[in-house]
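Q: Encoded as structure tokens, here's the structure I'll be asking about.
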Amino acid sequence: MAHRTLGFLQRLLPVLCGSKSLPCRAVTRTSSLLTARGICTTPPLQDAPFSSGESDDKLTVNFINRNGETLTATAKEGESLLEVVIRHHLNIDGFGACEGTLACSTCHLIFDQKVFEKLSEVSDEEMDMLDLAFALTETSRLGCQVCMKKALDGLTVRVPVDVSDVRRETEVGKQSKQ
């Protein structure tokens, strides 16, 4: 019975992992118990930029917060502005409520026209979320959709004075009922 199970697992596991040429899992027999140990690897993203981790790979981003305070952070090439805010724990109230899933507009940022022209095109999904943003401008973008590149080094963006955040409205509603 154990021999048939072992053969079955050796045929099944590579198929489950999507590879027929190389086995995805190593199946071993230990004390008459079969155990599957994972050795699968995920191929690297094809369009992910290479970063050696050296200091010259760091890009600078300046955020002008709602209160006028300038918050400066370093970014890696390919990192979204939302990821920069999260990684540096920047104190921007309500920023990135959906954690970059393109389900809100709380990471709304306002760019200078010259910088805006260097950004990639706005997708339909991003435009739908921007329609919900407070104080929308012609140069508004969502921070979760703008990825840093060398051409944006030294970038300065403004955080709008207010944010459309359903969580805040829910909290206000709960407090008024008490």
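All the letters of the sequence shown, read from the start, carry residue numbers -17 to -1, 1 to 161 under mature numbering (1 follows the signal peptide of the UniProt record, and there is no 0). Using N, Cα and C, we set each Cβ at its ideal position, and we do this for glycine too. These numbers come from a predicted model, not from an experiment.
From GLY83 to GLN128, what distance separates their C-alpha atoms?
A: 8 Å
Q: Given this structure, state the Cα-to-Cα distance separating THR55 from CYS87, to the nearest angstrom.
A: 24 Å
Q: Would you report the Cα separation of LEU85 and PHE99, rounded to the nearest angstrom?
A: 19 Å
Q: Determine whether the Cβ of GLU82 lies closer than 8 Å to any Cβ atom of chain C.
A: Protein chains in the displayed structure number just one, and chain C is not present.
Q: Quick check on DSSP: helix, strand or coil for VAL105?
A: coil
Q: By Cβ distance, which residues of its chain are closer than 6 Å to VAL67, with the 5 residues on each side in sequence left out?
A: VAL44, ALA56 and ALA58
Q: When the Cα atoms are used, what is the spatial distance from THR120 to ILE47?
A: 16 Å
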